Structures are given as structure tokens and as C-alpha cells.
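All the letters of the sequence shown, read from the start, carry residue numbers 29 to 243 under the numbering used here.
We treat Cβ as the ideally placed atom computed from N, Cα and C, and that holds for glycine.
All values reported here derive from a predicted model rather than from experimental measurement.
Report on the structure given below.
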Amino acid sequence: MGILNVTPDSFSDGGVHFAASEAVAHGIAMRTRGADIVDIGGESTRPGASRVSADEEQSRVLPVVEGLVAAGIPVSIDTMRASTAQAAVRAGACIVNDVSGGLADDEMYRTVAALAVPYVVMHWRGQSAGMARLADYADVVGEVVAEISERVAAALESGIERDALIVDPGLGFAKDADHNWALLQRLDALIGLGYPVLVGASRKRFIGSLLADND
29 MGILNVTPDS FSDGGVHFAA SEAVAHGIAM RTRGADIVDI GGESTRPGAS RVSADEEQSR
89 VLPVVEGLVA AGIPVSIDTM RASTAQAAVR AGACIVNDVS GGLADDEMYR TVAALAVPYV
149 VMHWRGQSAG MARLADYADV VGEVVAEISE RVAAALESGI ERDALIVDPG LGFAKDADHN
209 WALLQRLDAL IGLGYPVLVG ASRKRFIGSL LADND
């Protein structure tokens, strides 16, 4: 999965591919380099980030979704909003990747169920602006698995098909480096839930710290 942030303030590439034409060109380049799917986001989820309006988010992502779909590239939409998910799927996106796991928008589960597309349920404890203070765990693996299980149950109850669900431990979201490494060491606990697992570790700070290389 190639990550394409169409934002001015994302932690790794904010502003680099903010123009739609540049974003589409970069998405095509990622596909050429081996990406099976390109994940497009129009709202930064870096720690401390403020939210943007639905109209602003959609004005950023929809031209890029349309451009990459026209180029024959599978696209997922990274959004916490049901309205953006719906608009992006109508524009050709084939997966909804929700970093809030459905907690940020009460309409998300019903919308995804109606769209009948795969849905990524990420572990999440709150908005980016207050993320750091939520990184408090007695047993990070057990608590993340339990909290994702609650979200999965709610998604199923809302009509999302079991085989449409994908789970994500949410590395870096209300987690410090030790929490992230513990989750990576125990991915079997997530796999044991019986769903495909998506792990977003690329360019996260804890990886760079290990390698002593922030690039």
C-alpha cells in the first residue's frame, strides 16, 4: 500500500503532493514502483493536528481519487467521515480506511455497509490534538485487541459483512515507541481475531529512532 497524503501538514510528506496533478503523478509513480493500492488521505492525522471541514477534505481527495482510478490504479480512501467515504467510493475508491475505527462518525458503519466495500477498522482512542495523553496502557496488546474487538462487533451489528473487515493496530496513534514494538511483536494476537491485518509503520518516528535515521 502506497500512502499519498494530499495535505499541507502531514508528518512525513505534508505539502509535497498537495496539488492534485502532482498527487496523481506521485500515485502513478508508486504503482510503477510496486504499490498494489494507493491510500489517499486529505486530513492530517499527525499528533496535534487540527481537523479540516468535510468540504475541504473532499476538495483535496476526490480529484486525486478520480485521476488514479482513471489510470487503472486501485485506491483506498483514508477518512474518518462517512460523507467523504461515500463520495470517494462513488468516485472509484474500493476500500474505506478509517483511522477512528468508526468512533469519529456515527454514520460510518451504516454508510460502509450500504457501500459494500472493504473497511479498515483501526485502533483509536481520540482525535490527534489530544492523542499523547491517551497513551496509557496496563497491557497494550490485550487492550488494543479488546478495543478493536468492540469496534468489529459494532461494525458487524451495523451490517458490515465479516469478510469486508480488516483490522489495524494503529501504530503511533496514542502509543509510544514501546507500545508500537510490543504490538509488532504480538501481531499474532490480532491475527487471532480472524481478520486480515493492516500495519501502517512506514515513516513512523519509532522506526526512524531505531535506525538512527529520520529519513
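Distance between residue j and residue i (C-alpha atoms, nearest Å)
i, j, result
"residue 228", "residue 199", "7 Å"
"residue 194", "residue 133", "18 Å"
"residue 47", "residue 60", "20 Å"
"residue 210", "residue 204", "10 Å"
"residue 55", "residue 162", "33 Å"
"residue 69", "residue 107", "6 Å"
"residue 178", "residue 226", "17 Å"
"residue 79", "residue 167", "30 Å"
"residue 149", "residue 212", "17 Å"
Environment of residue i [buried if 16+ CB atoms lie within 10 Å]
i, result
"residue 72", "buried"
"residue 6", "Absent from the structure is residue 6, since the part of the chain shown begins at 29 and ends at 243."
"residue 128", "buried"
"residue 160", "exposed"
"residue 51", "buried"
"residue 62", "exposed"
"residue 64", "exposed"
"residue 90", "buried"
"residue 276", "The requested residue 276 does not occur in the structure, where the chain is confined to residues 29 to 243."
"residue 190", "exposed"
"residue 38", "Unreliable placement is indicated for residue 38, whose pLDDT of 48 sits below 50; the coordinate value is still reported in the next sentence. Residue 38 comes out buried."
Residue nearest to residue i in terms of C-alpha spacing, selected from the options
i, options, result
"residue 36", "85, 144, 111, 53", "85"
"residue 112", "143, 102, 53, 184", "143"
"residue 140", "159, 190, 167, 114", "114"
"residue 109", "163, 130, 103", "130"
"residue 34", "99, 87, 164, 57", "87"
"residue 222", "181, 213, 30, 137", "181"
"residue 99", "66, 124, 123", "66"
"residue 151", "202, 49, 214", "202"
Host alpha helix (DSSP H) of residue i (start-end)
i, result
"residue 180", "168-185"
"residue 215", "215-219"
"residue 225", "Residue 225 -> no alpha helix (DSSP H), and no H or E assigned at all."
"residue 49", "48-60"
At least three beta-carbon pairs within less than 8 Å, the segment 113-132 to the segment 164-172: no
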